[in-house]
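I have placed the structure first, in the form of structure tokens, so that the comments after it can refer back to it.
2 protein chains.
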Amino acid sequence: MITIKEVARHAGVSMSTVSYVLSGKRSISGETRRRVEQSIAALGYHPNAGARALASSKSQVLGLVVPLRSGVNMPVIMQFVASIVSAARDYDYDVLLLTKEAGPGEAHRVTARSMADAIILMDVESDDLRIPELRTVEAPVVLLGMPDDHEGLSCVDLDFATAGRQMAGHLADRGHRSIALIGSPPAVYERGTSYAARLLEGFRSEAAKRDVRASVHPCAPGYDAVAKCLDQALAPEHGTTGLVVHNEAVLGPLLLELRRRSLDVPADLSVITLCPDDVAESLPVPLTSIAVPAQELGTIAVEMVMARLTEEHAPEVRLLQPRLTDRGSTSRR
Amino acid sequence: MITIKEVARHAGVSMSTVSYVLSGKRSISGETRRRVEQSIAALGYHPNAGARALASSKSQVLGLVVPLRSGVNMPVIMQFVASIVSAARDYDYDVLLLTKEAGPGEAHRVTARSMADAIILMDVESDDLRIPELRTVEAPVVLLGMPDDHEGLSCVDLDFATAGRQMAGHLADRGHRSIALIGSPPAVYERGTSYAARLLEGFRSEAAKRDVRASVHPCAPGYDAVAKCLDQALAPEHGTTGLVVHNEAVLGPLLLELRRRSLDVPADLSVITLCPDDVAESLPVPLTSIAVPAQELGTIAVEMVMARLTEEHAPEVRLLQPRLTDRGSTSRR
DNA sequence: TATCGAAATCGAAACGCTTCAACGAGCCCG
DNA sequence: CGGGCTCGTTGAAGCGTTTCGATTTCGATA
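Following this line, the structure appears as structure tokens:
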């Protein structure tokens, strides 16, 4: 193993000079810098991470707590992960993978051992039992998602309330007088999942404000459940002409079922949804949608971490404004 | 930060004794052990990872190279990742997340800096250009997938040739005289992806051996492509009565298209596939299938890493025997 | 020309742990 | 009873960095 000492000797300078060339924390003459850099390249020197961490008490590692249980939407999770890893690398940080199943104890373990300088926690739920434990972690913590009680924690999330309002408003704008929300599975609402509740609230309040009739239909995955859910949402007494879908998993089956019923989108029924753009685009009928800006959220999470790591930055909450893309799946009434 | 020195003082022993209690590398009297453990608990001591790595030149970290580009099947990737993380934790290792896009340079970087003791690389392709570079990594490398040239590298993979043979054989056993392989997208074959080629070869050779007519149809994703592909596979001149599907992404559309054509599975057409069990189960028609044993492969990969890390274990190749689950989607002719 | 300050470099003390050589104590064997 | 074990424990030497003064150099200012 090539050490900084050997580089120093090769370049004819002291260890500290090499270190300062690497870190840029003190000024170094151009001439010296060049010699050192040449020696580094010539010898193939790589600074030892352990030694560095020990001396500087910084690991240059982020702990990322990911839900690996199936059930959550893996492709989206991966988009988050990818953007976080890539943003972290831009700041010269690496990412240690922690599983949510293993609990927040993991976050504590890696920070207490100085394996990670900060923690990013994905897919946070409203009532997450583990949130309190996170407060005991002696390192910045940033949550993707916004629990009810986020006092003292940084959070980033999509503004689901506004998203709900936008989608209801979009249909109201086009003259729809009765709309339905096809929601997440019942269990999601029952456990009070924050984002679902916030979207629902926005949807309802905007509908009320615009004097539009609104019904809500939680929907389990699976072809049969979708059909049953549609039976309710499209029951004649509602006179529903527009659907807001907040349940990515049922989009495909739902559109197929509509086709089976000879209901054309958007001629007979308008549909708008909240899902990743690539999903909305690749459906049999491309849907007007609000995107889940996974990329952006991940990047922001990393930026918030860095802010808290470098400055004396207090915890903050950031809600991303939703962006609606019209793909023509809604029509004017 | 609580250090080992403080624990030692608290327990009235030397630092080295505490260290040996922790590592178990020397015998310690029960009495002393108990006192030290109490002190550790009382003070809330957590060994500093950097110091440990520096002194022992072991990081207790595995670098995991994951393909994060979309296109690959994320849920399956996640199954691998989950099983790898969990197996690694069983050995007291953590997992550093590296992206495949960033290249094998990342593997080199983290090992050269002693951030990771070994590398696991997922989703390896036959002709992977980066394989040669991996040989220069000064740490054990284990591949999930088997490139053509794997000299000097450890690999784990499903035995796709046998899988192809099994599926063809399964249909032949049931009296089918003409079968078709609905394969991966053309691009996958064109770039000579190892697993696809191996399955194809097994499929063909078994069909030949059993004197069964076999046609092969690479299939792009998307409803239209699937329909077109079925047109070919089920063209009257073939007389195809059984389908082997090796393309997870098209299973849903394919079954729907068959239904649309009023072809019952298995009455009119037998279908067998290779995909994760949960996918096979949750399709509109549950399919007889060979599982992608992600869990198992991940665990084995970790075990191989550990073997190479602890013993003087030479690189090895392990092919998992496929396991076929009959879900009644094939019928006797 | 003497003095001062900034720029460039150096030396050495941490950082917290592992591990090796060494040592005393107790034991068994001859 | 002396010599050679093993067992449990210790002290101290690293491991490869960073970083904090201290020191040197040099040009500018007085």
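If you read the sequences in order, they're chains C and E.
So in this note's numbering, spot 117 of the first sequence is number 173, and the numbers just go up one at a time.
So in this note's numbering, spot 69 of the second sequence is number 125, and the numbers just go up one at a time.
Glycine is no exception: its CB is placed at the ideal position from the N, C-alpha and C atoms.
Since this is a predicted model, take the numbers as computed values, not measurements.
Contact criterion: CB-CB distance below 9 angstroms. Does Ile96/E meet it with respect to chain C? no
If you run the structure through DSSP and keep just helix, strand and coil, what is Gly354/E? helix
Range of the contiguous alpha helix (DSSP H) that encloses Val63/C: Ile60 to Ala67
Could you please give me the residues that DSSP links to Arg374/E through a beta bridge? Val212/E
Of the choices Pro188/E, Ala224/E, Leu256/E and Ala336/E, whose alpha-carbon is the least far from that of Val306/E? Ala336/E
Residues in its own chain within less than 6 angstroms of Tyr251/C by CB, not counting five upstream and five downstream? Phe216
Under the three-state reduction of DSSP, which class applies to Ser345/E: helix, strand or coil? strand
Leu290/C - DSSP class collapsed to helix/strand/coil: coil
Within-9 angstroms CB hit, Met57/C to chain E: yes
Three Cβ pairs or more, each shorter than 8 angstroms: is that satisfied between the segment 193-211 of chain C and the segment 146-157 of chain C? no
Fully enclosed by the segment 154-242 of chain C, which alpha helix (DSSP H) runs are 4 residues long or longer? 160-168, 187-190 and 216-229
For the beta strand (DSSP E) containing Arg269/C, name the first residue and the last one. Arg269 to Pro274
Just checking, does the segment 171-178 of chain C make contact with the segment 119-136 of chain C on the three C-beta pairs under 8 angstroms criterion? yes
With a floor of 4 residues, list each alpha helix (DSSP H) that falls wholly inside the segment 109-144 of chain C, ordered by position along the chain. none
So if DSSP puts Leu255/C in a beta bridge, which residue, or which two residues, is it bridged to? Note: Leu255/C sits in no beta bridge, so no partner.
Between Ile175/C and chain E, is any beta-carbon pair separated by less than 9 angstroms? no
Could you have a look at Val306/C and say whether DSSP puts it in helix, strand or coil? helix
Locate the beta strand (DSSP E) running through Gly446/C, then write down its first and last residues. Since the displayed chain C opens at 57 and closes at 389, residue 446/C lies outside it and no answer follows.
Taking DSSP as the reference, what is the three-state secondary structure of Ile328/E? strand
beta-carbon Glu189/E near the ligand COA non-hydrogen atom, thresh 8 angstroms: With respect to the ligand COA, the structure offers nothing, as it holds no ligand at all.
When DSSP labels each residue in this structure, what does Asp148/E get in the three-state scheme? coil
Selection from Arg315/E, His294/E, Pro188/E and Ala347/E that minimises the alpha carbon distance to Glu304/E: Ala347/E
At a Cβ threshold of 9 angstroms, is Val327/C touching chain E? no
Pick from Ala107/E, Ser139/E, Ser83/E and Ala281/E: whose alpha carbon is nearest that of Leu124/C? Ser139/E
Straight-line gap, His232/E to Arg269/E (C-alpha atoms, nearest Å): 9 angstroms
Work out the CA separation of Val198/E and Gly106/C for me, nearest whole Å. 23 angstroms
Going by C-alpha distance, which of Gly278/C, Arg379/C, Val300/C and Val358/C is nearest Thr386/C? Val300/C
What three-state label does DSSP hand Thr88/E in the structure shown? helix
Please confirm whether Thr103/E has its beta-carbon closer than 9 angstroms to some beta-carbon of chain C. Rather than Thr, the amino acid found at residue 103/E in this sequence is Pro. Yes, because at least one Cβ of chain C sits closer than 9 angstroms to the Cβ of Pro103/E.
For the alpha helix (DSSP H) that Met57/E lies in, which residues bound it at each end? Neither: Met57/E is in no alpha helix (DSSP H) and is coded neither H nor E.
Quick one, are the C-beta atoms of Ala168/E and His102/C less than 9 angstroms apart? yes
If you draw a straight line from the alpha carbon of Ser75/C to that of Ser345/C, how long is it in whole angstroms? 51 angstroms
Could you tell me the alpha carbon to alpha carbon distance between His206/C and Leu255/C, rounded to whole angstroms? 18 angstroms
What would DSSP say about Thr249/E, mapped onto helix, strand or coil? coil
DSSP three-state call for Leu380/C: helix, strand or coil? strand
Alpha carbon of Ala263/E to alpha carbon of His294/E, nearest angstrom: 14 angstroms
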